[in-house]
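Numbering (my numbering), first residue to last: 3 to 260. Backbone N, C-alpha and C fix where the C-beta goes; we use that ideal spot for every residue, glycine too.
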(Lines of atoms letter the chains of each structure in order from A; the text may use other names.)
(Lines give C-alpha, C1' and ligand atoms only; values in the text may rest on other atoms or scores of the structure.)
Protein backbone atom coordinates (compact mmCIF):
# COMPACT_ATOMS: atom_id res chain seq x y z
CA UNK A 3 0.00 0.00 0.00
CA UNK A 4 2.96 2.34 0.58
CA UNK A 5 3.84 2.31 -3.10
CA UNK A 6 0.21 3.11 -3.93
CA UNK A 7 0.35 6.09 -1.56
CA UNK A 8 3.48 7.35 -3.29
CA UNK A 9 1.87 6.95 -6.70
CA UNK A 10 -1.20 8.94 -5.66
CA UNK A 11 1.04 11.64 -4.21
CA UNK A 12 2.88 11.74 -7.50
CA UNK A 13 -0.27 11.96 -9.56
CA UNK A 14 -1.52 14.90 -7.54
CA UNK A 15 1.82 16.62 -7.94
CA UNK A 16 2.74 15.59 -11.46
CA UNK A 17 2.91 19.06 -12.92
CA UNK A 18 6.65 19.17 -13.06
CA UNK A 19 9.21 16.70 -14.36
CA UNK A 20 12.98 16.52 -14.70
CA UNK A 21 15.47 18.45 -12.62
CA UNK A 22 16.87 21.86 -13.34
CA UNK A 23 19.87 22.48 -15.56
CA UNK A 24 22.10 25.41 -16.41
CA UNK A 25 20.56 28.05 -18.59
CA UNK A 26 21.96 31.28 -19.91
CA UNK A 27 19.67 33.55 -21.86
CA UNK A 28 21.87 36.07 -23.66
CA UNK A 29 19.05 38.56 -24.15
CA UNK A 30 18.11 38.65 -20.46
CA UNK A 31 21.49 37.66 -19.00
CA UNK A 32 19.95 34.84 -16.98
CA UNK A 33 22.35 32.26 -15.56
CA UNK A 34 21.45 29.43 -13.22
CA UNK A 35 24.16 26.86 -12.62
CA UNK A 36 23.47 23.14 -12.85
CA UNK A 37 25.17 21.33 -10.00
CA UNK A 38 26.15 17.68 -9.57
CA UNK A 39 28.85 15.79 -7.69
CA UNK A 40 31.54 16.77 -10.19
CA UNK A 41 31.22 20.54 -9.71
CA UNK A 42 29.61 20.85 -6.26
CA UNK A 43 32.89 21.67 -4.52
CA UNK A 44 33.88 24.32 -7.07
CA UNK A 45 30.52 25.98 -7.69
CA UNK A 46 29.08 25.80 -4.17
CA UNK A 47 31.62 25.22 -1.43
CA UNK A 48 34.34 27.39 -2.97
CA UNK A 49 32.07 30.06 -4.46
CA UNK A 50 33.30 33.60 -3.90
CA UNK A 51 29.73 34.88 -3.84
CA UNK A 52 26.73 33.84 -1.69
CA UNK A 53 24.81 30.90 -3.17
CA UNK A 54 21.12 30.07 -3.38
CA UNK A 55 21.10 26.32 -4.01
CA UNK A 56 17.70 24.98 -5.08
CA UNK A 57 16.88 21.27 -4.81
CA UNK A 58 13.96 20.33 -7.08
CA UNK A 59 12.02 17.12 -7.68
CA UNK A 60 9.89 15.66 -10.44
CA UNK A 61 6.90 15.59 -8.06
CA UNK A 62 7.04 19.26 -7.13
CA UNK A 63 4.36 21.78 -8.18
CA UNK A 64 5.92 24.48 -5.93
CA UNK A 65 9.09 24.17 -8.03
CA UNK A 66 7.08 25.51 -10.97
CA UNK A 67 5.80 28.38 -8.83
CA UNK A 68 9.36 29.35 -7.92
CA UNK A 69 10.63 29.62 -11.51
CA UNK A 70 9.94 33.38 -11.91
CA UNK A 71 11.53 34.16 -8.54
CA UNK A 72 14.74 32.28 -9.33
CA UNK A 73 14.90 33.78 -12.81
CA UNK A 74 14.43 37.25 -11.31
CA UNK A 75 17.23 36.80 -8.79
CA UNK A 76 19.63 35.35 -11.37
CA UNK A 77 18.77 38.18 -13.75
CA UNK A 78 18.92 41.12 -11.36
CA UNK A 79 21.57 40.28 -8.76
CA UNK A 80 25.03 39.62 -10.13
CA UNK A 81 26.55 39.30 -6.65
CA UNK A 82 24.51 36.17 -5.85
CA UNK A 83 24.91 32.78 -7.50
CA UNK A 84 21.72 30.81 -8.18
CA UNK A 85 22.35 27.08 -8.55
CA UNK A 86 20.07 24.08 -8.89
CA UNK A 87 20.13 20.32 -8.36
CA UNK A 88 17.55 17.98 -9.89
CA UNK A 89 17.11 15.27 -7.27
CA UNK A 90 16.17 12.69 -9.93
CA UNK A 91 19.22 13.32 -12.10
CA UNK A 92 22.27 11.04 -12.15
CA UNK A 93 25.59 11.96 -10.59
CA UNK A 94 24.35 13.51 -7.34
CA UNK A 95 24.82 10.65 -4.85
CA UNK A 96 27.36 12.61 -2.77
CA UNK A 97 25.09 15.67 -2.68
CA UNK A 98 22.15 13.58 -1.44
CA UNK A 99 24.36 12.02 1.22
CA UNK A 100 25.72 15.40 2.33
CA UNK A 101 22.68 17.69 2.38
CA UNK A 102 19.62 17.17 4.63
CA UNK A 103 16.98 17.01 1.88
CA UNK A 104 13.46 16.12 3.04
CA UNK A 105 11.07 18.16 0.88
CA UNK A 106 10.94 20.07 -2.41
CA UNK A 107 11.84 22.66 -3.29
CA UNK A 108 14.50 23.10 -0.63
CA UNK A 109 16.77 26.14 -0.73
CA UNK A 110 20.17 25.99 0.94
CA UNK A 111 21.60 29.47 1.51
CA UNK A 112 25.37 29.26 1.53
CA UNK A 113 28.09 31.81 2.31
CA UNK A 114 31.83 31.09 2.43
CA UNK A 115 31.19 27.38 2.02
CA UNK A 116 28.82 27.17 5.00
CA UNK A 117 25.06 26.67 5.08
CA UNK A 118 23.68 29.71 6.90
CA UNK A 119 20.01 28.84 6.49
CA UNK A 120 17.52 26.58 4.78
CA UNK A 121 14.05 27.28 3.37
CA UNK A 122 11.42 24.86 2.12
CA UNK A 123 8.48 25.41 -0.22
CA UNK A 124 7.29 28.54 -2.00
CA UNK A 125 9.09 31.60 -0.64
CA UNK A 126 9.36 35.21 -1.71
CA UNK A 127 12.53 36.90 -2.91
CA UNK A 128 12.74 39.06 0.20
CA UNK A 129 12.37 36.00 2.44
CA UNK A 130 15.33 34.35 0.72
CA UNK A 131 17.49 37.43 1.19
CA UNK A 132 16.48 37.80 4.84
CA UNK A 133 17.34 34.16 5.51
CA UNK A 134 20.75 34.73 3.93
CA UNK A 135 21.38 37.64 6.32
CA UNK A 136 22.58 39.52 3.30
CA UNK A 137 21.43 42.57 1.40
CA UNK A 138 22.35 42.18 -2.28
CA UNK A 139 23.16 45.07 -4.53
CA UNK A 140 20.78 45.12 -7.44
CA UNK A 141 22.67 45.42 -10.72
CA UNK A 142 21.86 48.89 -11.99
CA UNK A 143 22.52 47.88 -15.60
CA UNK A 144 19.79 45.27 -15.30
CA UNK A 145 17.29 47.40 -13.41
CA UNK A 146 15.21 48.16 -16.47
CA UNK A 147 11.48 48.37 -16.97
CA UNK A 148 9.96 45.08 -18.06
CA UNK A 149 8.89 45.22 -21.67
CA UNK A 150 5.42 44.19 -22.79
CA UNK A 151 4.74 40.84 -24.36
CA UNK A 152 3.61 40.46 -27.89
CA UNK A 153 0.48 38.33 -27.31
CA UNK A 154 1.46 34.74 -28.05
CA UNK A 155 1.15 31.15 -26.90
CA UNK A 156 3.76 28.85 -25.38
CA UNK A 157 3.63 25.04 -25.20
CA UNK A 158 6.25 23.11 -23.22
CA UNK A 159 6.63 19.36 -22.68
CA UNK A 160 8.86 17.06 -20.68
CA UNK A 161 9.15 13.34 -20.03
CA UNK A 162 9.63 12.43 -16.40
CA UNK A 163 9.58 9.59 -13.93
CA UNK A 164 8.58 9.17 -10.30
CA UNK A 165 8.73 5.98 -8.23
CA UNK A 166 9.15 3.99 -11.43
CA UNK A 167 6.14 5.53 -13.19
CA UNK A 168 6.84 7.37 -16.43
CA UNK A 169 4.87 10.50 -17.26
CA UNK A 170 4.56 13.20 -19.89
CA UNK A 171 3.76 16.75 -18.76
CA UNK A 172 2.42 19.34 -21.22
CA UNK A 173 1.94 22.91 -20.01
CA UNK A 174 0.40 25.59 -22.22
CA UNK A 175 0.34 29.35 -21.68
CA UNK A 176 -1.58 32.15 -23.34
CA UNK A 177 0.17 35.49 -22.86
CA UNK A 178 -1.42 38.91 -23.07
CA UNK A 179 0.54 42.14 -23.23
CA UNK A 180 1.22 42.38 -19.50
CA UNK A 181 0.18 39.08 -17.93
CA UNK A 182 -0.37 35.36 -18.37
CA UNK A 183 -4.01 35.06 -19.37
CA UNK A 184 -4.41 31.30 -19.33
CA UNK A 185 -2.55 28.22 -18.09
CA UNK A 186 -3.41 24.61 -18.92
CA UNK A 187 -1.54 21.54 -17.65
CA UNK A 188 -2.02 17.96 -18.85
CA UNK A 189 -0.11 15.10 -17.24
CA UNK A 190 -0.20 11.64 -18.81
CA UNK A 191 0.79 8.99 -16.27
CA UNK A 192 1.81 5.59 -17.61
CA UNK A 193 0.92 2.67 -15.35
CA UNK A 194 2.97 -0.50 -15.98
CA UNK A 195 1.20 -3.87 -16.23
CA UNK A 196 2.35 -4.92 -12.76
CA UNK A 197 0.49 -1.92 -11.24
CA UNK A 198 -2.68 -2.31 -13.30
CA UNK A 199 -4.62 -3.68 -10.32
CA UNK A 200 -4.15 -0.33 -8.54
CA UNK A 201 -5.46 1.85 -11.39
CA UNK A 202 -9.00 2.30 -10.04
CA UNK A 203 -7.78 3.12 -6.54
CA UNK A 204 -5.42 5.76 -7.91
CA UNK A 205 -8.14 7.34 -10.03
CA UNK A 206 -10.66 7.35 -7.17
CA UNK A 207 -8.26 9.11 -4.83
CA UNK A 208 -7.28 11.63 -7.46
CA UNK A 209 -10.90 12.51 -8.18
CA UNK A 210 -11.59 12.88 -4.47
CA UNK A 211 -8.69 15.33 -4.14
CA UNK A 212 -10.33 17.82 -6.52
CA UNK A 213 -6.95 18.76 -7.94
CA UNK A 214 -7.92 18.30 -11.55
CA UNK A 215 -10.02 16.33 -13.99
CA UNK A 216 -8.91 12.69 -14.04
CA UNK A 217 -9.68 10.31 -16.89
CA UNK A 218 -8.52 6.83 -17.77
CA UNK A 219 -6.39 6.14 -20.83
CA UNK A 220 -5.25 2.95 -22.52
CA UNK A 221 -1.84 3.29 -20.88
CA UNK A 222 -2.76 4.72 -17.49
CA UNK A 223 -4.46 7.97 -16.57
CA UNK A 224 -4.52 11.63 -17.48
CA UNK A 225 -4.76 14.62 -15.14
CA UNK A 226 -6.04 17.89 -16.57
CA UNK A 227 -5.58 21.08 -14.55
CA UNK A 228 -7.04 24.15 -16.20
CA UNK A 229 -6.80 27.85 -15.51
CA UNK A 230 -9.91 28.02 -13.33
CA UNK A 231 -9.50 25.00 -11.05
CA UNK A 232 -8.90 25.76 -7.38
CA UNK A 233 -5.59 23.92 -7.37
CA UNK A 234 -4.22 26.20 -10.08
CA UNK A 235 -5.46 29.29 -8.27
CA UNK A 236 -3.90 28.07 -5.02
CA UNK A 237 -0.52 27.87 -6.74
CA UNK A 238 -0.68 31.67 -7.14
CA UNK A 239 1.80 31.78 -10.02
CA UNK A 240 3.19 35.19 -10.89
CA UNK A 241 0.85 36.19 -13.67
CA UNK A 242 3.09 39.10 -14.65
CA UNK A 243 5.91 36.83 -15.84
CA UNK A 244 6.86 37.43 -19.46
CA UNK A 245 6.96 34.90 -22.27
CA UNK A 246 10.76 34.98 -22.20
CA UNK A 247 10.99 34.45 -18.46
CA UNK A 248 8.57 31.54 -18.37
CA UNK A 249 10.18 29.87 -21.37
CA UNK A 250 13.65 30.23 -19.84
CA UNK A 251 12.36 28.95 -16.51
CA UNK A 252 10.62 25.91 -17.96
CA UNK A 253 13.61 25.07 -20.12
CA UNK A 254 15.63 25.36 -16.92
CA UNK A 255 13.43 22.61 -15.48
CA UNK A 256 14.06 20.38 -18.49
CA UNK A 257 11.02 21.25 -20.62
CA UNK A 258 11.18 21.48 -24.41
CA UNK A 259 9.25 24.56 -25.55
CA UNK A 260 7.85 25.87 -28.79
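For residue 69 against residue 223, the beta-carbon gap comes to about 26 Å, at or over 8 Å, which does not count as contact.
Residue state for residue 257 is assigned as coil, using DSSP reduced to three classes. Within the stretch 37-94, the complete beta strand (DSSP E) segments at least 3 residues long are 53-58, 83-88, listed from N- to C-terminus. Straight through space, the alpha carbons of residue 48 and residue 116 are spaced by roughly 10 Å. In this structure the stretch 216-230 lies against the stretch 178-187, because at least three pairs of beta carbons, one per stretch, are closer than 8 Å. Boundaries for residue 211: no beta strand (DSSP E) harbours it, while the alpha helix (DSSP H) harbouring it runs 201-211, taken from the DSSP string. For residue 215, the uninterrupted beta strand (DSSP E) run begins and ends at 215-219, by DSSP.
For residue 181, there is no enclosing alpha helix (DSSP H), as DSSP marks it with neither H nor E. In the structure shown, residue 251 falls within a helical segment according to DSSP collapsed to helix, strand and coil. Rounded to the nearest angstrom, the Cβ distance from residue 111 to residue 54 is 6 Å, consistent with a contact under 8 Å. Counting the other Cβ atoms within 10 Å of the Cβ of residue 155 gives fewer than 16, which makes it exposed. Note: residue 162 is bridge-paired with 169 in the DSSP secondary-structure output.
Here residue 93 is actually not in contact with residue 161; their C-beta atoms are around 19 Å apart, not less than 8 Å. Pairing residue 214 with residue 225 gives a Cβ-Cβ distance under 8 Å.
Apart from sequence neighbours up to five positions away, the residues of its chain that approach residue 72 with a beta-carbon distance below 6 Å are 84, ordered along the chain. Exposure of residue 129 is indicated by the presence of fewer than 16 other C-beta atoms within 10 angstroms of its C-beta.
For residue 131, the enclosing alpha helix (DSSP H) has its first and last residue at 127-134. Beta-bridge partners of residue 222 (DSSP): 192, 219. Residue 106 has no beta-bridge partner at all, per DSSP. Between the C-alpha atoms of residue 244 and residue 170 there is a straight-line separation of about 24 Å. The DSSP-derived three-state label of residue 33 is strand.
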